[in-house]
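Single-structure report; data block below.
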Amino acid sequence: AQSVTQLGSHVSVSEGALVLLRCNYSSSVPPYLFWYVQYPNQGLQLLLKYTSAATLVKGINGFEAEFKKSETSFHLTKPSAHMRDAAEYFCAVSDLRGQGGKLIFGQGTELSVKP
Amino acid sequence: NAGVTQTPKFQVLKTGQSMTLQCAQDMNHEYMSWYRQDPGMGLRLIHYSVGAGITDQGEVPNGYNVSRSTTEDFPLRLLSAAPSQTSVYFCASSVRGSTDTQYFGPGTRLTVL
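Chains as they are written, first to last, in this note's numbering: chain A, 97 to 211; chain B, 16 to 128.
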C-alpha cells in the first residue's frame with residue numbers, strides 16, 4: 097500500500113534562506129506525487145505534481161521538487177524563503193487501487209519564516 | 016466559477032446529534048472526496064465518489080455517510096456525533112480521480128461537545 101512520511105513537523109528558516117521540506121514515499125507501482133500548501137484558515141492548493149515525466153518538477157511561487165526513485169523521495173525546495181511562504185505543506189501520493197484511486201497525505205510540515 | 020463551496024464554515028454539535036455538511040462544485044468534476052484534518056495527522060480520507068451514484072469508503076469512514084445524487088453535490092452526514100469527530104472537514108474535487116489536481120473547499124470546523 098502507498099504511504100507518505102514527512103520528516104519534521106516544524107521547520108523554521110530565515111527570510112532569504114534555502115527551504116527544504118522532506119518527503120519519502122512508499123509505493124509498489126510508479127507513483128503520482130503531489131505537494132500541497134495550506135495557508136492559515138484556508139483549504140489546500142496544489143504547489144506541484146509529479147506524474148512520471150521529468151524528475152525535476154517546477155511549481156508555483158518558486159518551489160520545485162525532485163523525484164528520486166532510488167531514495168523514494170520527493171523533497172520540496174525553494175532557494176530563497178519569503179515571509180509569505182509561511183504555511184503548512186503536505187506531501188501526498190496517489191493510491192491507484194479502486195475506481196479513481198485515493199490520495200494519501202503525509203502528516204504535514206509547518207514552515208515558519210523569520211525576518 | 017465559485018469552485019468548491021462548503022457550508023457551514025463553523026458548527027457546534029452536542030454528542031448524539033446528527034447533521035449534514037454540504038459540499039458543491041461547479042467545475043463538472045467527476046471525482047469528489049471528503050477529508051478530515053486533525054493536528055499531526057495530516058488529512059485522512061473519509062469517503063469518495065467517482066461519479067453520481069458511486070461512492071466508496073476511505074481510510075476513516077465509520078460514523079459518516081455519503082451519497083452522490085448529482086455531479087455537483089456531495090454531502091457528508093454525521094449520523095450520531097461524537098467528540099472524536101471534532102475536526103476540520105474538507106471537501107475536494109478533481110476531473111477524474113486521485114491522479115488529478117484536487118481542488119479544495121475552504122473547510123468546515125466542527126466541534127462536538
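Glycine included, each C-beta is placed from N, C-alpha and C at the ideal position. In this text the structure is predicted, and so the values were computed from the model without any measurement.
Do you know how far the Cα of residue j is from the Cα of residue i?
i                      : j                      : result
residue 21 of chain B  : residue 125 of chain B : 12 Å
residue 100 of chain A : residue 158 of chain A : 23 Å
residue 80 of chain B  : residue 118 of chain A : 35 Å
residue 153 of chain A : residue 145 of chain A : 7 Å
residue 31 of chain B  : residue 51 of chain B  : 19 Å
residue 99 of chain B  : residue 197 of chain A : 26 Å
residue 140 of chain B : residue 211 of chain A : Here chain B covers residues 16 to 128 and nothing more, so residue 140 of chain B does not appear.
residue 126 of chain A : residue 66 of chain B  : 25 Å
residue 176 of chain A : residue 28 of chain B  : 44 Å
residue 195 of chain A : residue 174 of chain A : 35 Å
residue 71 of chain B  : residue 56 of chain B  : 22 Å
Could you confirm whether any beta carbon from chain B is found closer than 8 Å to the beta carbon of residue i?
i                      : result
residue 165 of chain A : no
residue 128 of chain A : yes
residue 186 of chain A : yes
residue 204 of chain A : yes
residue 199 of chain A : yes
residue 181 of chain A : no
residue 190 of chain A : yes
residue 105 of chain A : yes
residue 196 of chain A : yes
Find the nearest neighbour of residue i within the set the options, judged by alpha-carbon distance.
i                      : options                     : result
residue 171 of chain A : A:160, A:177 and A:203      : A:160
residue 38 of chain B  : B:108, B:66, B:127 and B:67 : B:108
residue 89 of chain B  : B:59, B:97, B:117 and B:68  : B:68
residue 34 of chain B  : B:46, B:72, B:47 and B:92   : B:92
residue 44 of chain B  : B:77, B:83 and B:78         : B:83
Could you tell me whether any non-hydrogen atom of the ligand FMN is closer than 7 Å to the CB of residue i?
i                     : result
residue 95 of chain B : In the structure on display, the ligand FMN does not appear, and there are no ligands present to speak of.
Give a yes or no on whether 8 Å exceeds the smallest Cβ distance from residue i to chain A.
i                     : result
residue 65 of chain B : yes
residue 69 of chain B : yes
residue 22 of chain B : no
**Study point:** Validate contact between the region 181-193 of chain A and the region 117-137 of chain A using beta carbons, cut 8 Å, 3 pairs
**Key:** Touching, yes, given that three or more Cβ pairs across the two stretches are closer than 8 Å.
Practice item. Compile a chain-ordered list of the residues in the region 134-148 of chain A whose CB is closer than 9 Å to at least one CB of chain B. Key: Within the region 134-148 of chain A, the qualifying residues are 134, 137, 138, 139, 140, 141, 142, 145 and 147.
Point to revise | Residues within the region 98-112 of chain B neighbouring chain A, beta-carbon criterion of under 7 Å | key: Answer set for the region 98-112 of chain B: 105, 111 and 112.
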